[in-house]
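Asks: Dropping a structure here in structure tokens format, bear with me for questions.
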Amino acid sequence: MIAYRIQKPLTLVRLAIALLCFGASIVVVGCPATWQPQPKVVESEISPSEMKQYLEAVKSYQNAQYEGAAKQFAAIREQSGNPVATRMALYGLACSRLMAAKTPDEYRQALALWETWVQCAPTKTDAENPTLFKPIIEQKMVFSLIPLKSGEAVDLEDPTRWFMLRANNELQKLKYQLVSAQQDSDEKEKRIRSLEKEIDRLNDQIKALETIDQKIQKKKNSIPSAN
837 MIAYRIQKPL
847 TLVRLAIALL
857 CFGASIVVVG
867 CPATWQPQPK
877 VVESEISPSE
887 MKQYLEAVKS
897 YQNAQYEGAA
907 KQFAAIREQS
917 GNPVATRMAL
927 YGLACSRLMA
937 AKTPDEYRQA
947 LALWETWVQC
957 APTKTDAENP
967 TLFKPIIEQK
977 MVFSLIPLKS
987 GEAVDLEDPT
997 RWFMLRANNE
1007 LQKLKYQLVS
1017 AQQDSDEKEK
1027 RIRSLEKEID
1037 RLNDQIKALE
1047 TIDQKIQKKK
1057 NSIPSAN
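For the sequence shown, the numbering used here gives the first residue as 837, with consecutive numbering after it.
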């Protein structure tokens, strides 16, 4: 009888514990989103082989081999399935194309690549923000000042050449306008002098006629009246 009394409370305690565990398991299984922390999105790491390719492309860029670097970055971008590697390759490709551009059209195409990269640029705030360079590239670089459809077949190996040619063309236009204005001025001067001569001639004729008229009047006055 004593043993039964002792076992009964123990049984009740075990039952309560079992119910608590069962209820907890229902909560855990049924509503995991209410308390479990969400996993952080971690950028996938670049494979050693891709990193090697990337560093080789960077080296080409640093050695001013911009065309070659562009091809290397483009290959990484096309072949890699890693979003981080693809984005880094796009950035390198845009920079390489900007540096390799020799015509306004090539520069605009490189700007399009740059704009594509800006759309997927990393948003980390614990380092320098490369997107701050966006307006500098678009508004302050040499080629951005050259019209895309300038109508001039100019080889822009040296960017200053285009500006010198443009300045020379503008100078020639101004010279032509000056010569044209000078010619117009000379023509006006000739017309003015011609009119002045004509006025002088007409004045002389008027004076001559007045003189003749005066003589006629004197003769009339000198003739005695018939009365």
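Built from N, CA and C at the ideal position, the CB exists for glycine as well.
If you're wondering where the values come from, they're calculated on a predicted model, not measured in any experiment.
Considering only C-alpha positions, which residue in the set S916, L947, A905, C956 is nearest to P884?
Replies: Checked all of S916, L947, A905, C956; the closest Cα to P884 is S916.
Asks: Let me confirm a value: G866 is counted as buried when at least 16 other C-beta atoms fall within 10 Å, else exposed. Which label applies?
Replies: In this prediction, G866 has a pLDDT of 36, which is less than 50 and means its spatial position is unreliable; what the coordinates show is noted afterwards. It is exposed - the Cβ of G866 has fewer than 16 other Cβ atoms within 10 Å.
Asks: Roughly how many angstroms separate the alpha carbons of E1006 and L1014, rounded to a whole number?
Replies: Their backbone Cα atoms lie some 12 Å apart in a straight line.
Asks: With T922 as the anchor, note down where its alpha helix (DSSP H) starts and where it stops.
Replies: Segment 919-936, the alpha helix (DSSP H) holding T922.
Asks: Can R1029 be considered in contact with the ligand MN, in the sense that its beta carbon sits closer than 7 Å to one or more heavy atoms?
Replies: This structure lacks the ligand MN, and indeed carries no ligand of any kind.
Asks: How about L929 and A910: do their beta carbons lie closer than 8 Å?
Replies: Result yes, Cβ atoms of L929 and A910 sit closer than 8 Å.
Asks: Where does the unbroken alpha helix (DSSP H) through A957 begin, and where does it stop?
Replies: Run containing A957: none; DSSP gives neither H nor E here.
Asks: I need the boundaries of the alpha helix (DSSP H) containing F909, first residue and last residue.
Replies: It spans 902-915 - the alpha helix (DSSP H) in which F909 sits, taken as one unbroken run.
Asks: Would you check if the distance between the CB atom of Y902 and the CB atom of A948 is smaller than 8 Å?
Replies: Not in contact: Y902 and A948 (Cβ atoms no closer than 8 Å).
Asks: Tell me the start and end of each unbroken alpha helix (DSSP H) in the stretch 1027-1063 that is at least 4 residues and wholly inside, in chain order.
Replies: Counting only runs of 4 or more, we get nothing.
Asks: Less than 6 Å between C-beta atoms, sequence neighbours within five positions excluded: which residues of the same chain meet that for W953?
Replies: Once the five neighbours on either side are set aside, the close Cβ partners of W953 are L926, Y927, A930.
Asks: Decide if A921 is buried, meaning its Cβ has at least 16 other Cβ atoms within 10 Å, or exposed.
Replies: A921 is buried by the Cβ-count criterion.
Asks: Can you give me the start and stop residues for the alpha helix (DSSP H) that E892 sits inside?
Replies: Where E892 is concerned, the enclosing alpha helix (DSSP H) stretches over 884-898.
Asks: Are the beta-carbon atoms of S932 and Y890 separated by less than 8 Å?
Replies: Against a cut-off of 8 Å, the Cβ pair of Y890 and S932 comes out as no contact.
Asks: Cβ atoms of P966 and A957: under 8 Å apart, would you say?
Replies: Taking 8 Å as the Cβ cut-off, A957 and P966 qualify as a contacting pair.
Asks: Please name the residue, chosen from A963, E942, E974, that lies closest to E951 on a Cα-to-Cα basis.
Replies: The shortest C-alpha separation from E951 is found at E974.
Asks: Once the 5 residues before and after G904 are set aside, which same chain residues still bring their CB inside 8 Å of it?
Replies: Hits under 8 Å: S896.
Asks: Would you mind working out which of E1032, Q908, Y1012 sits nearest A893, comparing C-alpha positions?
Replies: Looking at the Cα atoms, Q908 is the closest of the given residues.
Asks: Between E881 and I912, how many whole angstroms is the CB-CB distance? I'm expecting something under 8 Å.
Replies: Not quite, the Cβ-Cβ distance comes to about 15 Å (not below 8 Å), so this is no contact.
Asks: How big is the Cα-Cα spacing for K1054 and L1045?
Replies: Going from the Cα of K1054 to the Cα of L1045 covers about 14 Å.
Asks: For P940 and Q955, what's the separation of their Cα atoms in angstroms?
Replies: If you take the alpha carbons of P940 and Q955, they lie about 23 Å apart.
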